[in-house]
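Just so you know, the sequences run in chain order F and Z. Residue numbering for the first sequence is 29 to 246, as defined by this note's numbering. Residue numbering for the second sequence is 29 to 246, as defined by this note's numbering. C-beta: ideal position from N, C-alpha, C; glycine also. All of these numbers come straight from a predicted model, not from anything done at the bench. Working notes, structure below.
2 protein chains.
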Amino acid sequence: MGNDTNVTWHDHQVSRDKRESLNGHKGCVVWLTGLSASGKSTIANVLDHKLYQMGMRSMVLDGDNVRHSLNAGPGMLVDTHGETFAKRFGLGFAAIDREENIRRIGAVAQLFSQAGVIALTAFISPYRADRDRIRKNLEPNEFIEVFVNTPIELCEARDPKGLYKKARAGEIKGFTGIDDPYEPPAAPELVLETADKTAEALADEVIVHLRERGILPA
Amino acid sequence: MGNDTNVTWHDHQVSRDKRESLNGHKGCVVWLTGLSASGKSTIANVLDHKLYQMGMRSMVLDGDNVRHSLNAGPGMLVDTHGETFAKRFGLGFAAIDREENIRRIGAVAQLFSQAGVIALTAFISPYRADRDRIRKNLEPNEFIEVFVNTPIELCEARDPKGLYKKARAGEIKGFTGIDDPYEPPAAPELVLETADKTAEALADEVIVHLRERGILPA
Chain F
29 MGNDTNVTWH DHQVSRDKRE SLNGHKGCVV WLTGLSASGK STIANVLDHK
79 LYQMGMRSMV LDGDNVRHSL NAGPGMLVDT HGETFAKRFG LGFAAIDREE
129 NIRRIGAVAQ LFSQAGVIAL TAFISPYRAD RDRIRKNLEP NEFIEVFVNT
179 PIELCEARDP KGLYKKARAG EIKGFTGIDD PYEPPAAPEL VLETADKTAE
229 ALADEVIVHL RERGILPA
Chain Z
29 MGNDTNVTWH DHQVSRDKRE SLNGHKGCVV WLTGLSASGK STIANVLDHK
79 LYQMGMRSMV LDGDNVRHSL NAGPGMLVDT HGETFAKRFG LGFAAIDREE
129 NIRRIGAVAQ LFSQAGVIAL TAFISPYRAD RDRIRKNLEP NEFIEVFVNT
179 PIELCEARDP KGLYKKARAG EIKGFTGIDD PYEPPAAPEL VLETADKTAE
229 ALADEVIVHL RERGILPA
């Protein structure tokens, strides 16, 4: 390869514009934030499916695909990486661990967006500062903060995993909305008022918004 | 959204097969491993460009796009996240930090692969155990380990960043190939013998291999 290793390849880099042209839409991060059981994952997956049917490239990032790998807890790392490693790098539930959890997801979502993909993230992400840091790392029009605004009474009535019940009983500490704050976005790109709406209708609201922003073709 | 939050959305999940059908090829991780200045990033970027021209979806993960975000060092985190956070989560150069560096890249590459994208990673990744762990997390035929086999004499003669020189002078400790081992893959999917070949020719070797494996269409 001669001695010009660091000279030639920059000419070969595929620009973001080119990837987006290939896909027929822009890359971005659709950041869904809201209480536990507010419907974030449901909306993200329905949206993902609709985008797929439209021939768009998208990817959902949620607990299902990051909790056991990217953001694995100590218990998941101890067998493969040893105790010292697991203790050092396994993510727990302390405030600082949660901050790192969200930081990494933001970094990965950014990589997907740079690849021309519409990254759909579905995490409670209760703290405004954490979300704002991700926004600052992205380009203008690249971070679409979507507040999934479901009243806590409704979330608690659903309680699909019995988490609210456990939090009320004091069995889970630091549960968002019970004994830890949820900080709603100050200026989200979109608010989804979910009560009495289907996930399909809510996903359509996001699609309309992405069209209006020029992320999806008209 | 009613009370069936966790029931309905599984019907809406976009399978990996569907994403791959949309793209016209399979997702996978092409893991380039080799010495510093062996040509990994150059080959990855030329390959990425060729795949783009073929209408395939690919993404390069290398130091350029993970070092300042996903795997940021303490110095990069201190301003935004505070000293305690930076100390706890910033990745340094200790053996354990390098292991975590590679672990995270493996996790992100896997997410891209699951999204139907051909992830091209370009990291020295000198330890066999680290690479093998990533392989184990992936499906058969999903991890394509490519040994970029450039003689150290040639890498050192290139030395585009002067790192070998510093390592020889003892200014950098634990430098792969000088005072830290490089463990070549025991059974890589592909070996690139780079001496006297252009990056274009080497990228073509990878493309031929991906066709033979059925990852790219014939």
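For residue 76/F, a Cβ of chain Z is located within less than 7 angstroms of the residue's own Cβ.
Short of 8 angstroms from the beta carbon of residue 239/F, and not among the five residues preceding or following it, lie these beta carbons of its own chain, in chain order: 245, 246.
Take residue 232/Z, set aside five residues on each side of it, and no residue of its chain has a beta-carbon closer than 6 angstroms to its own. Looking at the DSSP output, residue 79/F sits in no beta bridge, so it has no partner there. Note on geometry: alpha-carbon atoms of residue 59/Z and residue 193/F lie some 45 angstroms from one another. Here residue 129/F carries a helix assignment [DSSP, helix/strand/coil]. For the set 85/Z, 205/Z, 145/Z, 212/Z, the Cα lying nearest the Cα of residue 173/Z is the one of 212/Z. Comparing C-alpha distances from residue 153/F to each of 175/F, 114/F, 100/F, 207/F shows the shortest one belongs to 175/F. Interface flag for residue 64/F against chain Z is unset, since no Cβ pair is found closer than 7 angstroms.
Shown here, residue 206/F sits in coil according to DSSP, grouped into three states, outside any helix or strand. Secondary structure of residue 97/Z (DSSP, three-state): coil.
Closest in C-alpha terms to residue 44/F, from the list 167/F, 64/F, 236/F, 195/F, comes 167/F.
Chain order gives the chain F residues near residue 93/Z as 138, 139, 142, where near means a beta carbon separation below 9 angstroms.
The beta carbon of residue 48/F sits closer than 7 angstroms to those of 54, 55, 144, all from its chain and outside the five residues before and after it, given in chain order. Comparing C-alpha distances from residue 89/Z to each of 171/Z, 150/Z, 159/Z, 230/Z shows the shortest one belongs to 150/Z.
Contact of residue 128/F with chain Z is assigned, a C-beta pair being separated by under 7 angstroms.
Around residue 177/Z, no beta-carbon contact reaches into chain F at under 7 angstroms, the shortest distance being about 12 angstroms.
Here the alpha carbon of residue 71/Z sits roughly 12 angstroms from the alpha carbon of residue 221/Z. Under the DSSP assignment, residue 87/F falls in the beta strand (DSSP E) whose first and last residues are 86-90. Under a criterion of Cβ atoms nearer than 8 angstroms, no residue of chain Z is adjacent to residue 82/F; the nearest Cβ is some 10 angstroms distant. Scanning its chain for C-beta atoms nearer than 7 angstroms, with the 5 sequence neighbours on each side dropped, one finds around residue 180/Z the residues 63, 205, in chain order. Taking a Cβ-Cβ cut-off of 9 angstroms, residue 203/Z has no neighbours in chain F, whose nearest Cβ is about 18 angstroms from it. Nearest in C-alpha terms to residue 218/Z, of all of 190/Z, 203/Z, 115/Z, 234/Z, is 234/Z.
One finds 97, 98 in chain Z with Cβ atoms closer than 7 angstroms to the Cβ of residue 135/F, taken in chain order. The closest CA to that of residue 165/F, considering only 115/Z, 93/Z, 197/Z, 200/Z, is found on 93/Z. The C-alpha of residue 80/Z is placed about 33 angstroms away from the C-alpha of residue 160/F. Look at residue 106/Z here: in three-state DSSP terms it is helix.
Distances from the CA of residue 209/F to each of 137/F, 157/F, 91/F, 86/F were compared; the closest alpha carbon is that of 157/F. Against chain Z, a Cβ distance below 7 angstroms from residue 194/F picks out nothing, because the smallest value is about 16 angstroms. For residue 149/F, there is no enclosing alpha helix (DSSP H); the residue is found in the beta strand (DSSP E) stretching over 146-150. The beta strand (DSSP E) runs lying completely inside the region 172-228 of chain Z and spanning 3 residues or more are 218-221, given in chain order. Counting along the chain, the unbroken alpha helix (DSSP H) around residue 50/F starts and ends at 44-51.
The criterion of a C-beta distance shorter than 7 angstroms is not satisfied by residue 183/Z and residue 69/Z. As computed with DSSP, residue 74/F is found in no beta bridge at all.
By the neighbour-count criterion, in which 16 or more other beta carbons inside 10 Å mark a residue as buried, residue 178/Z falls on the buried side. Distance from the CA atom of residue 75/Z to the CA atom of residue 186/F, rounded to whole angstroms, is 49 angstroms.
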